[in-house]
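Notes follow the structure.
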Amino acid sequence: SGNTTEFRGKQMASELPLKHTPSLGYNNLSYSPTLKKFIYTHKGEVHVCNAGAKSCSSFQLKGAFQARVCGDFTIAVAANGANFFDLNGEKALFTVPFAEEASRDTFLSRGIAVSGNQAMIGHSSGAISVLEVSADKGSYSKTLVEHKDGITDITSGSLGGAAVFVSADMAGEVIVWDAASLAIKARLTVAVGDTCTSVGVCGDFIVCGYGSGHVRLFNADGSKAVEIAAHARWIQAIAVDPANSLAASVAEDQVLQVWNVGKKVSLKSSKFIKDALLTGVQFTGDGTVAVVAYDNDRLQLCPV
Amino acid sequence: MSLLSMPFLIINFGGEMIYVLEQRLHAQNIPKDKSNKVLQDVTRAMFSPKFIQELMKPQEIYSPSSTREIFDRLAHSSIMRLSESSMDKLYDLMTMGFKYQLVSCTHPRELAEVTLNHLDAIRTAVSTSDSTVEQVDAAIAQFVKLCKELSSAEFAQIRQTLAAFFQDKRIKVSLFLQDNIQNPDGTIALTKGGPIPNDATLEAPGAIRYYENGSVTATEKFDSPLTGTIGEQLAGDVYDPKARDSKLGKNLYTIDRKKPDAKKTPAAKPSSTASSTTTSTQKLKENKGSAVPELNALRELIGGGGANDFKITNLFGDESGGDGAGAKNRDIVINKVERATLLGGIEEEFSKLGGDSSAKDLGDLYDEIAGN
Chain A
3 SGNTTEFRGK QMASELPLKH TPSLGYNNLS YSPTLKKFIY THKGEVHVCN
53 AGAKSCSSFQ LKGAFQARVC GDFTIAVAAN GANFFDLNGE KALFTVPFAE
103 EASRDTFLSR GIAVSGNQAM IGHSSGAISV LEVSADKGSY SKTLVEHKDG
153 ITDITSGSLG GAAVFVSADM AGEVIVWDAA SLAIKARLTV AVGDTCTSVG
203 VCGDFIVCGY GSGHVRLFNA DGSKAVEIAA HARWIQAIAV DPANSLAASV
253 AEDQVLQVWN VGKKVSLKSS KFIKDALLTG VQFTGDGTVA VVAYDNDRLQ
303 LCPV
Chain B
2 MSLLSMPFLI INFGGEMIYV LEQRLHAQNI PKDKSNKVLQ DVTRAMFSPK
52 FIQELMKPQE IYSPSSTREI FDRLAHSSIM RLSESSMDKL YDLMTMGFKY
102 QLVSCTHPRE LAEVTLNHLD AIRTAVSTSD STVEQVDAAI AQFVKLCKEL
152 SSAEFAQIRQ TLAAFFQDKR IKVSLFLQDN IQNPDGTIAL TKGGPIPNDA
202 TLEAPGAIRY YENGSVTATE KFDSPLTGTI GEQLAGDVYD PKARDSKLGK
252 NLYTIDRKKP DAKKTPAAKP SSTASSTTTS TQKLKENKGS AVPELNALRE
302 LIGGGGANDF KITNLFGDES GGDGAGAKNR DIVINKVERA TLLGGIEEEF
352 SKLGGDSSAK DLGDLYDEIA GN
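Those protein sequences? They're chains A and B, same order as listed.
In terms of my numbering, the first sequence opens at residue 3 and continues consecutively.
In terms of my numbering, the second sequence opens at residue 2 and continues consecutively.
Structure representation (structure tokens):
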């Protein structure tokens, strides 16, 4: 594509063409910095957009609810369970079916995270499947039943130095889990009637995006630290860049915003993207943030 | 995904179908009692208690081809018979109309308002028959009950499920292009900013609040790209037709409009004449003959028209041989007092021009009417 933008003296593509349009869903963009590949779902299919080669490919999998790059894997979640692929999505490594107590009453699974040798997958029943994974195999470990509403997102990260998982649900409840023991470390203060659609761990804070358009930062003890009236419409995804203390939020108001995260919060940059129901955002680590929109055949790269 | 998307899909699609049929029957100068019968029959088929009961069951959303079969049957549940190309065009209009409404919702719960706007309009269209109105009222009551039980998050799920159904549909509709509802490439145009929807959790963007022990200790402001475009918060009532905020789901075909200027129409011409209409409906037809017949419980609940003396063989054709006033009418001004609309003259004109109707899309037909 001839669309480039100058940034810090380098010419970088500001748009990547997508062979298939992303579906409308929470957090529908994942990125592998090592392979420079973007992953998203299109009507149950998992597609890969290779930023370097500007080519597209897809996984041999149907009925996928969500796919995410986690460490050395790409994990695609479907009704049959968690399907583990290599980072390229070319080699299917193994599949771990969901246990009956998780898959019963579930019609949708989403929220995928890995920490150490454990993976967490969320379900619409509110249950969370915990899997034990190694390089070439995975097995069911246990089912966590704490959330009372469908899971919207799960993330992992280092919260003030401690490895954690964070899970969020449709009722707005957010739980922080110790990654090793799976003990509950904190439950974040709930805003009644406000759905938490996306979570990230950034330094000492848990960053959460909500259907009300708010971005809220919470302390490790679960107390609310900062509330940003960030967007005018439902937030569909957030992303975090802990190394640079940044968070990004995208919503159906067609706006991308990048925030400086810390004891002081400020807007670093923002962009209005016309006619874009933004549905996924990722930091690339190259000084840009990538966004995709529902039914839109262009992935946009914006300077951070 | 959601298991509750079917009522929203079928009722909104049905509402769009009623709008187009109503307007076409009028434009064709079909006698009032006949056109009324068609609308009554179609509505009674769609709102029969058994159909509604099946519709309201938690279930996966139907495939595009199964859904099309339902509406093929509904359209033929009366004395009216449509040619395949007429049915294709009708379905394309229904598709893009509802897609526009779905995508334009400013809050997931607005989907309830869209559906209720359709339901109220259907009720009005069949108001001459108390028993039909009763059926529609019963369905409205069930639908309202369902909506009141759903959280905003569940509405968001339903909307995401429906969004997948309409993904990649880019059929260009002249009316929508003219009204800037649709971009020249067929994608739906969205509004920037606008009023904050009526929900207690919402506020206009701009504030950053700091907390300690649950209390605000400081507030700062930031400049959103939407500053200056956000309106006052709405305060309507979803369930009161007179106080509903949303205009989505109201009749797109009875809006005042001016004749479009000549500059616009070239842009409305599709770049590929391999008609987008044909492509989308072709795919549905290809799926129909698939080896594993799909379960379509709803389709099976729709009865046929039965024997009748009067038959309309082609809704969009020049057949009645009457005064032809409608057929010759090139008036493209549409006002609220049901004049022949933009679409009104299209099919008659086209059938006079001859040629294979499936090769053209509505954009071409519009241009011909406008005399370009």
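Using N, Cα and C, we set each Cβ at its ideal position, and we do this for glycine too.
### Message
If we define contact as Cβ-Cβ less than 8 angstroms, is B/Tyr211 a contact residue for chain A?
### Response
B/Tyr211 has a beta carbon lying within less than 8 angstroms of a beta carbon in chain A.
### Message
Looking at B/Phe99: is its Cβ nearer than 8 angstroms to the Cβ of B/Glu17?
### Response
Yes, they are a contact pair.
### Task
Check the DSSP bridge columns for A/Leu133 and list the partner residues they point to.
Note: A/Leu133 sits in a beta bridge opposite A/Ala121 and A/Tyr142.
### Message
At a CB distance below 8 angstroms, what residues from the stretch 180–199 of chain B approach chain A? Give them in sequence order.
### Response
Of all residues in the stretch 180–199 of chain B, Asn184, Thr188, Ile189, Ala190, Leu191, Lys193, Gly194, Gly195 and Ile197 have a Cβ within less than 8 angstroms of some Cβ in chain A.
### Message
Taking the alpha-carbon of B/Gln54 as reference, which of B/Thr202, B/Ile141, B/Asp246 and B/Ser152 has the nearest alpha-carbon?
### Response
It is B/Ile141.
### From A/Cys304, A/Arg106 and A/Cys72, residue whose alpha carbon lies closest to that of A/Gly152
Ranking A/Cys304, A/Arg106 and A/Cys72 by Cα distance to A/Gly152 puts A/Arg106 first.
### Query
Listing by chain order, which chain B residues have their CB less than 9 angstroms from the CB of A/His233?
For A/His233, the residues of chain B that pass the 9 angstroms Cβ criterion are Pro206, Ser225 and Leu227, in the order they occur in the chain.
### Query
Which whole runs of the alpha helix (DSSP H) in the stretch 107–149 of chain B are 4 residues long or more, in chain order?
Segments of the alpha helix (DSSP H) lying fully in the stretch 107–149 of chain B: 111–126.
#### Entry: Contact belief for B/Asp246 with B/Glu114 at Cβ below 8 angstroms, rounded distance in angstroms
B/Asp246 to B/Glu114, Cβ: 7 angstroms. Contact.
### Message
Does B/Asp180 come out as helix, strand or coil in the three-state DSSP assignment?
### Response
Three-state result, B/Asp180: coil.
### Exposed unless 16 or more other CB atoms sit within 10 angstroms - verdict on A/Glu175
Buried, by the Cβ-count rule.
#### Entry: Closest residue to A/Ser131 among A/Arg112, A/Val116, A/Ala193 and A/Ala104 (Cα-Cα distance)
With distances taken between Cα atoms, A/Ser131 lies closest to A/Ala104.
### Query
Anyone know if the C-beta pair for A/Gln123 and A/His149 falls short of 8 angstroms?
It should be pointed out that residue 123 of chain A corresponds to Ile in this sequence rather than to Gln. Taking 8 angstroms as the Cβ cut-off, A/Ile123 and A/His149 do not qualify as a contacting pair.
### Query
In the stretch 94–106 of chain A, which residues sit with their C-beta less than 8 angstroms from some C-beta in chain B, listed in chain order?
Cβ contacts with chain B come from no residue of the stretch 94–106 of chain A.
### Query
By how many angstroms is the C-alpha of A/Glu102 removed from the C-alpha of B/Gly250?
Straight-line Cα distance between these residues: approximately 41 angstroms.
### Query
What number of angstroms, rounded off, separates the C-alpha of A/Lys187 from the C-alpha of A/Phe67?
If I take the Cα positions, the gap works out to 28 angstroms.
### Query
Applying the criterion that 16 or more other CB atoms from any shown protein chain within 10 Å of the CB defines a buried residue, is A/Asp155 buried or exposed?
Residue environment analysis places A/Asp155 among the buried positions, since at least 16 neighbouring C-beta atoms fall within 10 angstroms of its C-beta.
### Task
Along the beta strand (DSSP E) that carries A/Gln68, what are the first and last residues, could you check?
Its beta strand (DSSP E) spans residues Ala66 to Cys72.
### Task
Note down, in chain order, every chain A residue with its Cβ under 7 angstroms from the Cβ of B/Ile231.
Ordered by position in chain A, the residues that pass the 7 angstroms Cβ test against B/Ile231 are Ala234.
#### Entry: Rounded Cβ spacing between B/Leu253 and B/Leu302 (contact assumed at less than 8 angstroms)
The pair is not a contact, with the Cβ atoms about 28 angstroms apart (cut-off 8 angstroms).
### Message
Between which two residues does the alpha helix (DSSP H) holding B/Tyr63 run?
### Response
Careful: B/Tyr63 lies outside any alpha helix (DSSP H) and carries neither H nor E.
### Query
When burial is assigned at 16 or more other CB atoms within 10 Å of the CB, is B/Glu85 buried or exposed?
Burial state of B/Glu85 is exposed, judged by a 10 Å Cβ sphere holding fewer than 16 other Cβ atoms.
### Message
In the DSSP output, what is A/Thr157 paired with across the bridge?
### Response
A/Val168, per the DSSP bridge assignment.
### Task
Using a Cβ-Cβ cut-off of less than 9 angstroms, list which residues of the stretch 186–198 of chain A approach chain B; keep chain order.
Taking 9 angstroms as the Cβ-Cβ cut-off, the stretch 186–198 of chain A approaches chain B at Thr191, Ala193, Val194, Gly195, Asp196 and Thr197, given in chain order.
### Query
Any residues in the stretch 233–264 of chain A with a beta carbon nearer than 7 angstroms to a beta carbon of chain B? Which ones, in chain order?
Within the stretch 233–264 of chain A, the residues whose Cβ lies closer than 7 angstroms to some Cβ of chain B are His233, Ala234, Arg235, Trp236, Asp255, Gln256 and Val257, listed in chain order.
### Task
Assuming A/Ser183 and A/Ala115 form a contact by the criterion Cβ under 8 angstroms, report the distance between their Cβ atoms to the nearest whole angstrom.
Not really, about 16 angstroms apart at Cβ, beyond 8 angstroms.
### Message
Does the CB of A/Gly211 have a neighbour CB from chain B at under 8 angstroms?
### Response
No, its Cβ sits nowhere closer than 8 angstroms to a Cβ of chain B.
### Message
Let's test the definition: count the other Cβ atoms within 10 Å of the Cβ of A/Gly91 and tell me whether it reaches 16, buried, or not, exposed.
### Response
Burial call: buried.
### Query
Can you tell me where the alpha helix (DSSP H) with A/Ser105 in it begins and where it stops?
Note, A/Ser105: alpha helix (DSSP H), Glu102 to Ser105.
### Message
Run through chain B and tell me which residues come within less than 8 angstroms of A/Ser214, C-beta to C-beta.
### Response
In chain order: Asp200, Thr202, Leu203 and Glu204.
### Task
Alpha carbon to alpha carbon, how far is B/Lys90 from A/Phe274? Give it in angstroms, no decimals.
Looking at the two C-alpha atoms, the distance is approximately 35 angstroms.
### Query
In its own chain, which residues sit with a C-beta less than 8 angstroms from the C-beta of B/Gln183, not counting the 5 before and 5 after it?
The beta carbon of B/Gln183 is closer than 8 angstroms to those of Met97, Tyr101, Lys173, Val174, Phe177, Ile189 and Ala190 in its chain, skipping five residues each way along the sequence.
### Query
At a Cβ cut of 8 angstroms, what residues of the stretch 102–120 of chain B count as close to chain A, listed as they run along the chain?
Within the stretch 102–120 of chain B, the residues whose Cβ lies closer than 8 angstroms to some Cβ of chain A are Val104, Thr107, His108 and Pro109, listed in chain order.
### Query
Looking at C-alpha atoms only, which residue of A/Lys276, A/Asp243 and A/Asn246 is the closest neighbour of A/Leu258?
It is A/Lys276 whose Cα lies nearest to the Cα of A/Leu258.
### Same chain, Cβ closer than 8 angstroms to B/Thr129, five either side skipped, listed in chain order
Only Asn37 and Gln41 meet the Cβ criterion.
#### Entry: Nearest-angstrom Cα separation, counted from B/Ala126 out to A/Val1
Because chain A spans 3 through 306 in this model, residue 1 of chain A falls outside it and cannot be assessed.
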